[in-house]
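Encoded as C-alpha cells, the structure appears first; notes follow it.
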Amino acid sequence: MQVKAVFFDIDGTLLTDNRTVSKSTILAINALKAKGILVGLATGRDPRFILPYMASLGLDMAIAYNGQYIFSRDRVLYSKPLATADIEAIIAYAQEHQRDLSFGTAKGVAGSGIMSMGTGNFAYRITRMIPDSWAGFITFIFNRLIRIIRPQRETDFKAIVSQPVYQMMLLATEKETAGLSARFPSLAFTRSSPYAADVICQGNSKFHGIERLGGVYGFTVDQAMVFGDSDNDLEMLEKVTYSVAMKNGSKQAKQVASYVTDSNNRDGIYKALVQFGLIDEQDV
Numbered sequence: 128m129q130v131k132a133v134f135f136d137i138d139g140t141l142l143t144d145n146r147t148v149s150k151s152t153i154l155a156i157n158a159l160k161a162k163g164i165l166v167g168l169a170t171g172r173d174p175r176f177i178l179p180y181m182a183s184l185g186l187d188m189a190i191a192y193n194g195q196y197i198f199s200r201d202r203v204l205y206s207k208p209l210a211t212a213d214i215e216a217i218i219a220y221a222q223e224h225q226r227d228l229s230f231g232t233a234k235g236v237a238g239s240g241i242m243s244m245g246t247g248n249f250a251y252r253i254t255r256m257i258p259d260s261w262a263g264f265i266t267f268i269f270n271r272l273i274r275i276i277r278p279q280r281e282t283d284f285k286a287i288v289s290q291p292v293y294q295m296m297l298l299a300t301e302k303e304t305a306g307l308s309a310r311f312p313s314l315a316f317t318r319s320s321p322y323a324a325d326v327i328c329q330g331n332s333k334f335h336g337i338e339r340l341g342g343v344y345g346f347t348v349d350q351a352m353v354f355g356d357s358d359n360d361l362e363m364l365e366k367v368t369y370s371v372a373m374k375n376g377s378k379q380a381k382q383v384a385s386y387v388t389d390s391n392n393r394d395g396i397y398k399a400l401v402q403f404g405l406i407d408e409q410d411v
C-alpha cells in the first residue's frame, strides 16, 4: 500500500478522554513524518483550537469546521463562509424554538455560553461518560432550564455575524437534526456530539476537504488514511480507502470503516498504523 497522507479527527481520536495526546501517538506521528508521509487533522473544531496541536505535533495541514476552512502551517488553502441568508434562517429557527447557537469564525467560536461551558475540560470528561441515550434529556435541560438563567438573544449575534461565519453549532437532538436537513436544503447538518448539530454548506465535509488537499499536495483519496470516531467522520470513513474507526467510536463509524482499532485511551492510533504497516514497532 502507498499512503501519502494521514488525517486524524481530534476529539475521541487524537485526544484521550483526559484531553491529552498519548506518548504512543506522538511517537507514531514523528515516525510517519520521518517517512515523508503528510500528517493532518480533519475536525469540526475551529482554527484557534487546532493551532496548538499543529504547532506541538509539527502537523502539515488541517481541515477545520468539517471542511469549511482548510489551512496549512503558513496559509489558508480554502474557505467557504455560510451565506448570510442561511445564517439568518438558522438564527430565526433557533429563536423560534429556543435553541442555543454558536458561530465559528476564523478567530474561533463565539455565541452560546452553554456550549462554551460544555467544551471545557471538565465538561468534556463528564460528557464522555454520559450514555448517548441520555442525550435528548440533557439537551432538553440545556435548552429549557439553563436558558432561563442564561438566555441567548439575537442582539448578541450582531457583532459575531458581521464577520465571515464558517460553521454554526445548534443545540439540538439527533431526531431534530434529521428534520432540519429537509427544512434547509442548502445546508448540511452533521454531528460530532450527541447534544449539538454542526451546520455547514451543502456539499462540504471532511471528505471533500481531503479531496481538496489531495489536489494541493498531490495525493488521491486512495492514498490517504483517516482516523475517526463520530458521525461527522462517517463520509470520510466510508469513502477513503484506508479508514480506521476507534473502538470508542459510534456504532455507525465502526460499521463503515475498513478497520476498527483500539480506543483513544489504549494506543489505538499507534496500533492501527503498525497493523497497516505504515510504521514499525521499533519506530515507537
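According to this note's numbering, the stretch in the sequence shown is residues 128 to 411, in order. The beta carbon of each residue, even a glycine, is placed where N, CA and C say it ideally should be. Predicted model only: the values in this text are computed from it and were never measured.
query, result
"Expected contact under 8 Å - CB spacing of Asn331 and Ala315 to nearest Å", "7 Å"
"Range of the contiguous alpha helix (DSSP H) that encloses Met181", "174 to 184"
"Sequence-distant residues of the same chain with beta carbon closer than 7 Å to Lys374, five excluded per side", "Val387, Thr388, Asp389, Ser390, Gly395"
"Rounded straight-line distance, which links the Cα of Glu223 to that of Arg175", "31 Å"
"Cβ-based burial, Arg200 [other Cβ within 10 Å; buried from 16]", "exposed"
"Check: Gln129 C-beta below 7 Å from any heavy atom of the ligand COA", "For the ligand COA, the structure offers nothing, since it holds no ligand at all."
"Ranges of the beta strand (DSSP E) found wholly within the segment 288 to 373, counting only runs of at least 3", "294 to 298, 314 to 317, 323 to 328, 351 to 355, 369 to 372"
"Runs of beta strand (DSSP E) wholly within the segment 198 to 233 (minimum 3 residues, chain order)", "203 to 206, 228 to 232"
"Residue range of the unbroken alpha helix (DSSP H) whose run includes Glu167", "One point to set straight first is that residue 167 is Gly, not Glu, in the sequence displayed. Not the alpha helix (DSSP H): Gly167 falls in the beta strand (DSSP E), residues 165 to 169."
"Sequence-distant residues of the same chain with beta carbon closer than 7 Å to Tyr360, five excluded per side", "The sequence as given places Asp at residue 360; Tyr does not occur at that position. So the list reads Asp136, Lys333, Ala380, once near-sequence residues are dropped."
"Limits of the beta strand (DSSP E) - the one that Ala384 falls within", "It is not in any beta strand (DSSP E) - Ala384 carries neither H nor E in the DSSP assignment."
"Sequence-distant residues of its chain with Cβ nearer than 6 Å to Gly235 (five each side left out)", "Asp173, Arg175"
"Proximal residues to Leu364 (C-beta, below 7 Å), its chain only, five neighbours per side dropped", "Val353, Gly355, Ser370, Ala372, Ala380, Val383, Ala384"
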